[in-house]
Amino acid sequence: MAAIELHGVVKRFGPITAVDGLDLEVPKGICLGLLGPNGAGKSTTMRLLTGQARADEGSITVLGHRLPEESKDARAEMGVVPQLDNLDVDVSVQDNLAVFARLYRVKDVRAAVDRGLQLARLDGRRGDPVDQLSGGMRRRLLLARGLVHDPPLLLLDEPTVGLDPQIRTELWSLIDALRTRGTTILMSTHYIEEAERLADEVAVMAHGKIISRGKPSELVAQHAGRETAEVYAAPERLAEVRAKAEAQGLKVRPAGPAVAIVGSENATDGVIPPEAIRRAATLEDVFVLLTGEEAE
Amino acid sequence: MSASENVAAHAPRASQMRRLDPAAIGGVMSREVANFRTFWKGTTFSSVLEPVVYLLAFGLGLGATVVDRVDGLSYVEYVGTGMVATAVIFSSALPAMFGTFVKERFQRTYDAILAAPVDVEELVTAEMLWIGLRAGFYGNFPLVVAMIFGLDPAPGMLLVPLFAFVTALGFAAFGIAVAASVAKMDQFNYVTTLFITPLFLVAGTFFPIDQLPKGIQVASQLNPLHHLVELVRGSAFGFESTDLLRFAFLAVFAVTLWRVAVSRMEKRLID
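Here the protein sequences come in this chain order: A and B. Numbering follows our numbering, in which position 121 of the first sequence is assigned residue number 103; successive positions increment by one, without gaps. Numbering follows our numbering, in which position 162 of the second sequence is assigned residue number 897; successive positions increment by one, without gaps.
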């Protein structure tokens, strides 16, 4: 039995279909990265899994519990770390943890709080109100709060959005430690690097559906090949390079001020200009090729 | 012990997740207590000072110059007992309105709570109970202050916390339902002007209702605060048999508004 199973799930908000026939299985013990642009339906999917949104069609099972009927049972066994910090800012670090230990019916609240403080490395700050903590500390506390009942399943909604690189790296190592312990993780993100580093498997989501899924390396090999060549030049020159590559059947995507010719190892002589920078293909190449160039 | 073994041993199965679970309600209330510990001084300060100011202004000012006795009571006795209702509505309906809206919209507290094994019914019940307990406690302050100004203590007054608690439950539910129904916080102005101010003025707190036009007298029988005022006066100066009906009215008010609040909040919080 998979930890999470969604079949044919549809969720509409008035005229907008946020989730549109979603099929997704998350096997136990892996970290699945749900990768997609803003508006792809990732956050709605997360809300469906916590019972805060009800599907219009389809079936959802979490740890063997059918939703929405057994949503509370499912929630008792999973931890949730939201995208936006919703800690109680006037309340002490330890009280923030204690309240959630009680909400999760943890028997020994004090032990759970101590464990959380240790995980968040905030033992020395246990009595301080949350609004005296730094951004990184607050994020660690948010993660520890979601883990206060030691759940076998964790939902992470954009865990490092808006954080500086040091804090991000620090959180990644915390998440990686959980994965190593065998916690099943479903992590939504639009940071490709985050998915690449943490996820055993990646599911690319666009327009409310999964459009591709696999190990990051498999997805890269399947959709982008081995190598990408980036060309930086004036717009007219870029258009010329692009046309030449596309005429050969190569996939080309814009990359800010450059164009990226994906699968450049297959290009014949003269297609890749000499000034091109050749680099290994990445998940970002896959992501942009699959989810399109338009931003929503 | 691995994470999954640990939870498998403790995880409640479907049949074990009960409705209105005291553990869930207690957990949500413990969050309120943790927050309250950071601002109880201000609440206590204003709960003491407000009845003092009112009693000085109305009781001594109005009572000494314009009004002598009302319904056979000195004006301090009259206003001091009546002000319990004022304290109750202002420490229940308003915190419920503002608190619910802020927790839902700005702090996203309810998102966090509902991601845990707590449902909307438990959340609303816990918030109501907490506000009810708080107002049931602070609602007594005007009575205590009035005693300093000359009100005689009576054994019946031991029931006042109960009356204040039940009334506050209803008004807390009212506030939660309002917060779950408005799109913006400015819209609270309509509710305070149209409902809360009239309810608190025409409750028999500052002047007797039987001097008002017949229509208003009848309408005030639907005002929970009026019944609370009468119950508090009963506790101080002797109950009447109709007081039981008044208490029943307050209980029905609380239960009805509880269901309305749960249903409005479900609509607001669950997509």
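For every residue, glycine included, the Cβ atom is placed at its ideal position computed from N, Cα and C.
With respect to 7 Å, is the separation between the Cβ of residue i and the closest non-hydrogen atom of the ligand ADP below this value?
i	result
L49 of chain A	With respect to the ligand ADP, the structure shown offers nothing to examine, as it has no ligands at all.
What residues from chain A crowd round residue i, counting only those whose CB sits closer than 8 Å?
i	result
P852 of chain B	K54, D55, R57, A58, L85, Y86 and R87
At the 8 Å Cβ level, is residue i part of the contact set with chain A, yes or no?
i	result
S826 of chain B	no
L849 of chain B	yes
M1000 of chain B	no
A996 of chain B	no
M752 of chain B	yes
I911 of chain B	no
N741 of chain B	Here the model assigns N741 of chain B a pLDDT of 44, short of 50, so the residue's position is not dependable and the matter cannot be decided.
R843 of chain B	yes
T773 of chain B	yes
D731 of chain B	Not covered by the structure: residue 731 of chain B. The range shown for chain B is 736 to 1006.
D978 of chain B	no
D846 of chain B	yes
Do you know whose CA, among the options, lies nearest residue i's CA?
i	options	result
G190 of chain A	A:I12, A:L30, A:C13 and A:A237	A:L30
P286 of chain A	A:D251, A:R161 and A:A216	For chain A, the structure presents residues -17 to 278; residue 286 of chain A sits outside this window and is missing.
L966 of chain B	B:R994, B:L897 and B:G807	B:L897
T779 of chain B	B:L858, B:V953, B:P852 and B:S826	B:S826
V783 of chain B	B:I883, B:T835 and B:G807	B:I883
A22 of chain A	A:G11, A:D251 and A:D2	A:D2
F269 of chain A	A:A56, A:L124, A:L201 and A:A102	A:L201
R195 of chain A	A:Q114, A:L6 and A:G11	A:L6
N958 of chain B	B:P943, B:L934, B:F942 and B:A769	B:L934
F793 of chain B	B:W775, B:G871, B:M818 and B:A769	B:M818
A831 of chain B	B:A903, B:L797 and B:F774	B:A903
L153 of chain A	A:K89, A:I193, A:V63 and A:N248	A:V63
Using the beta-carbon count (16 or more within 10 Å), is residue i buried or exposed?
i	result
K949 of chain B	exposed
D756 of chain B	buried
K24 of chain A	buried
L99 of chain A	buried
K838 of chain B	buried
Q956 of chain B	exposed
I951 of chain B	exposed
V953 of chain B	exposed
R107 of chain A	buried
V814 of chain B	buried
S970 of chain B	buried
L4 of chain A	buried
K919 of chain B	exposed
V987 of chain B	exposed
A989 of chain B	buried
R804 of chain B	exposed
I192 of chain A	buried
D251 of chain A	exposed
Which bits of chain A does residue i rub up against, with CB to CB less than 7 Å?
i	result
I866 of chain B	Within chain A, no residue comes near I866 of chain B; the closest Cβ sits about 17 Å away, beyond 7 Å.
N770 of chain B	D70, D72 and V73
A759 of chain B	L85
D803 of chain B	In chain order: nothing, as chain A lies at least about 48 Å away.
Using a Cβ-Cβ distance under 8 Å, would residue i count as near chain B?
i	result
V291 of chain A	There is simply no residue 291 of chain A to check, as chain A begins at -17 and stops at 278 in what is shown.
N68 of chain A	yes
P64 of chain A	yes
A22 of chain A	no
R36 of chain A	yes
E278 of chain A	In this predicted model, E278 of chain A has a pLDDT of only 41, less than 50, meaning its place in the structure is not dependable enough to derive any value.
D77 of chain A	yes
Mind listing the chain B neighbours of residue i? Cutoff is C-beta to C-beta under 9 Å, in chain order.
i	result
P217 of chain A	Neighbours of P217 of chain A on chain B: none; closest Cβ ~44 Å, over 9 Å.
A262 of chain A	In chain order: nothing, as chain B lies at least about 35 Å away.
Beta-carbon of residue i versus every beta-carbon of chain C: anything under 8 Å?
i	result
I944 of chain B	Given the protein chain composition of this structure (A and B), no chain C is represented.
How would you list, in chain order, the residues of chain A whose beta-carbon sits under 9 Å from the beta-carbon of residue i?
i	result
A792 of chain B	Under the 9 Å cutoff, chain A gives no residues; its nearest Cβ is about 33 Å from A792 of chain B.
D1011 of chain B	Not covered by the structure: residue 1011 of chain B. The range shown for chain B is 736 to 1006.
Note down, in chain order, every chain B residue with its Cβ under 7 Å from the Cβ of residue i.
i	result
Q100 of chain A	The premise fails here: Q100 of chain A is roughly 15 Å from chain B at the closest Cβ pair, so nothing lies under 7 Å.
V81 of chain A	G762, S765, R766 and A769
So residue i contacts chain B; which residues on that side make the cut at Cβ distance below 8 Å?
i	result
T32 of chain A	L849 and A850
R29 of chain A	D1006
Item to complete: State whether the stretch 30 to 46 of chain A contacts the stretch -16 to -5 of chain A, with contact taken as three or more CB pairs (one from each stretch) at a distance under 8 Å.
Response: yes
Worksheet item: Does the count of Cβ pairs from the stretch 152 to 170 of chain A and the stretch 120 to 129 of chain A closer than 8 Å reach three?
Response: yes
Item to complete: Mind the definition here: the stretch 177 to 186 of chain A touches the stretch 5 to 25 of chain A only if three or more C-beta pairs lie below 8 Å; say whether that holds.
Response: yes
Practice prompt. Could you tell me whether the stretch 66 to 82 of chain A touches the stretch 106 to 124 of chain A, where touching means 3 or more Cβ pairs closer than 8 Å?
Written response: yes
Item to complete: Indicate whether the contact test is met: 3 or more Cβ pairs, each with one atom in the stretch 900 to 920 of chain B and one in the stretch 830 to 844 of chain B, closer than 8 Å.
Response: yes
Worksheet item: Quick one: any contact between the stretch 242 to 262 of chain A and the stretch 209 to 219 of chain A, if contact means 3 or more CB pairs under 8 Å?
Response: yes
Worksheet item: Is there contact here, the stretch 140 to 151 of chain A with the stretch 167 to 179 of chain A, by at least three beta-carbon pairs under 8 Å?
Response: yes
Discussion item. Assess contact between the stretch 144 to 157 of chain A and the stretch -12 to -1 of chain A, defined as three or more Cβ pairs (one per stretch) separated by less than 8 Å. Is contact present?
Written reply: no
Item to complete: Examine the Cβ distances between the stretch 838 to 850 of chain B and the stretch 26 to 40 of chain A and report whether three or more of them are shorter than 8 Å.
Response: yes
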